[in-house]
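With the first letter of the sequence shown counted as 1, position 86 gets the number 85 in numbering that gives the first Met the number 0; the numbers rise by one all the way through. Just so you know, even glycine gets a beta-carbon here, dropped at the ideal spot from N, CA and C. Bear in mind the structure is a predicted one, so any value in this text is a computation, not a measurement. Remarks on the structure that follows.
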Amino acid sequence: MPFGQLLIGPPGSGKTTFCNGVQQYLRAARRHVVLLNLDPANDVLPYEPDIDVCDLVCLEQVMAELGLGPNGGLVYCIEYLEKNVDWLLEKLQPYEEAGAYIVIDCPGQVELFTQHGSLRRVLDLLSKQRGYRLAAVHLVDAHLCTEPSKYIAALLLSLSAMLHLELPHVNVLSKVDLIRQYGRLDFSLDFYTEVQDLSYLVRGMGNDRFGAKHRKLSRELCELVQDFGLVSFLPLAIEV
Ligand SMILES: Nc1nc2c(ncn2[C@@H]2O[C@H](COP(=O)(O)OP(=O)(O)O)[C@@H](O)[C@H]2O)c(=O)[nH]1
Ligand SMILES: [Mg+2]
0 MPFGQLLIGP PGSGKTTFCN GVQQYLRAAR RHVVLLNLDP ANDVLPYEPD IDVCDLVCLE
60 QVMAELGLGP NGGLVYCIEY LEKNVDWLLE KLQPYEEAGA YIVIDCPGQV ELFTQHGSLR
120 RVLDLLSKQR GYRLAAVHLV DAHLCTEPSK YIAALLLSLS AMLHLELPHV NVLSKVDLIR
180 QYGRLDFSLD FYTEVQDLSY LVRGMGNDRF GAKHRKLSRE LCELVQDFGL VSFLPLAIEV
């Protein structure tokens, strides 16, 4: 039964860097690891992928031939992967037989892991047909903690991904080593990682125009996140 993890999160949150780190860690631990790049926009990679979606479909070519922008192009690429999932299954087979742990680097376009069905169906197929046991690791950049409205957006994004993918799920605040650069946070880091009482966050809003105008909406959204009681974060600084 193959085990592995799926790296999701917005562009620039650190997914590819994380995959590189996990690959090095697992190799040092003498664990056989297979790195699958599912992001057709990943043109410069710090690691050598064992399986690369770019060998199946090329984002630049898709954009040029179909007249699509980067977002539409990425959606097309993932739909193309779903239609040609046998390509992926065939590539994975030798690694499965060798008992490799799989690390999957995903595109950063958030609708692909919060709304769109293709990626989810590919993952379902891996688990139902091949018995994969995958966990999602969702990275959001810790700088989003510096503004309440951005932090609320990160909470909603994390919750949406959990509900959409229905996988065992770990939310991570990435790049915490950089957080000091953005000035003092309104609360301690624990407040942002534990997601315990968001009413403090809403009470602190209102000093800027956005906060004053959207205080009621923000309160309702925070209550929604808390009612689910699913979201919390682990802090991570992969590069230190
Ligand atoms: N300081 C710092 N930079 C990081 C960390 N993780 C990633 N980065 C940087 O963030 C940028 C985007 O990372 P990348 O892995 O390409 O993000 P992706 O788009 O989610 O795959 C790169 O310049 C990385 O070097 C971290 O923990 N700390
Ligand atoms: Mg990447």
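Membership of ARG132 in the beta strand (DSSP E) is indicated by the continuous run 132 to 140. Here ASN36 carries a strand assignment [DSSP, helix/strand/coil]. Scanning its chain for C-beta atoms nearer than 8 Å, with the 5 sequence neighbours on each side dropped, one finds around VAL194 the residues LEU154, VAL224, GLN225, VAL230, SER231 and PHE232, in chain order. Assigned with DSSP and collapsed to three states, LEU6 falls in strand.
Residue burial annotation: LEU216 is exposed, with fewer than 16 other C-beta atoms found within 10 angstroms of its C-beta. Segment contact: the region 57 to 73 against the region 8 to 21, fewer than three CB-CB distances shorter than 8 Å; contact not assigned. The C-beta separation of ALA135 from LYS174 comes to about 19 Å, leaving the pair out of contact by the 8 Å criterion. For ligand 2, a non-hydrogen atom lies closer than 7 Å to the CB of ASN41.
DSSP places SER173 outside any alpha helix (DSSP H); the residue lies instead in the beta strand (DSSP E), whose first and last residues are 168 to 173. Taken in chain order, the unbroken stretches of beta strand (DSSP E) that lie wholly in the region 77 to 161 and span 3 residues or more are 100 to 104 and 132 to 140. The beta carbon of GLY203 is closer than 6 Å to those of ASP185 in its chain, skipping five residues each way along the sequence. The region 110 to 124 and the region 139 to 150 do not touch, with fewer than 3 CB-CB distances between them shorter than 8 Å. Counting only residues whose CB is nearer than 6 Å to a non-hydrogen atom of ligand 1, the list in chain order is GLY8, PRO10, GLY11, SER12, GLY13, LYS14, THR15, THR16, GLY107, SER173, LYS174, ASP176, LEU177, ALA236, ILE237 and GLU238.
When beta bridges are read from the DSSP output, ILE50 appears opposite LEU35. Apart from sequence neighbours up to five positions away, the residues of its chain that approach VAL109 with a beta-carbon distance below 7 Å are PRO9 and LEU156, ordered along the chain. For LEU197, no alpha helix (DSSP H) run applies, since DSSP gives it neither H nor E.
ASN83 has its alpha-carbon roughly 36 Å from the corresponding atom of GLU238.
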